[in-house]
Amino acid sequence: MKMKLKERMCFLVVSLFAEVVSATHQITCPTEPIQAEEGGDVSLQCRLDPSVDLRKETLDFTRADLNREDDVVHSYSDEKDRTYRQMDQYRGRTTLIHEDLIRGIISLNISSLTLTDSGLYTCYVPGLADSATITLTVVRKDQDNRTNTTTIEPEKPGKCL
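Using mature numbering (1 follows the signal peptide of the UniProt record, and there is no 0), the letters of the sequence shown map in sequence onto residues -23 to -1, 1 to 138.
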């Protein structure tokens, strides 16, 4: 099927606009691994630079190290949290801070951490065609409520992309 000239021009303009928008905004995150205690809570935070209201964007937090198709930790679109795609192990334990989105901050809280929560978390904003990865290391807590130095490291080294 051939595209008419008008359709081609429209497609080209939309494609160029998407490139310009994604090139002007970048998601940043901590480059150092985040460490948290087993049983505790953690906030994984990324920022958009320059800041822009993200409330109308689609946002996905996934586990990059699991290499699974259903690796969704938390999903947000149409100004709502979408839990139907969420991995079972995260159900009822994640909260996206909607108030931060207006300032270009993506904050995902994970509660009741387990050792299996250690890994690489990717924050992806499809509308900006950009993502960033955060490394979370959950450390074991011993019986005396002290943090043990034994850690469960993710399978791959993490870095902010």
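Glycine included, each C-beta is placed from N, C-alpha and C at the ideal position. Because the structure is a prediction, the values reported are computed rather than measured.
When DSSP reads this structure, S108 sits in a beta bridge with Y101. Taking the C-beta atoms as reference points, T93 is found no nearer than 8 Å to Q12. In the structure shown, the three-state DSSP call for T5 is strand.
Taking L78 as the centre and dropping the five residues before and after it, the same chain places the C-beta of L31, R32 closer than 6 Å to its C-beta, in chain order. DSSP lists Y53 as the beta-bridge partner residues of D58. When the Cα atoms are used, D18 and L85 turn out to be separated by approximately 11 Å.
In the DSSP annotation of this structure, the continuous segment of the beta strand (DSSP E) that includes L85 starts and ends at 82 to 87. When secondary structure is reduced to three states using DSSP, Q66 falls in the helix class. Counting only the Cα atoms, S28 lies some 32 Å from Q66.
Going by beta carbons, L25 and Y53 fall outside the 8 Å limit.
Looking at I83, D55, V50, the one whose alpha-carbon comes closest to that of R70 is V50.
For D26, the uninterrupted beta strand (DSSP E) run begins and ends at 19 to 26, by DSSP. Cβ contact annotation for E34 (same chain, cutoff 6 Å, sequence separation greater than five): V102, G104, in chain order. In the three-state reduction of the DSSP assignment, T39 falls in the strand class. Under the criterion of beta carbons closer than 8 Å, T39 and D48 qualify as touching, at roughly 5 Å.
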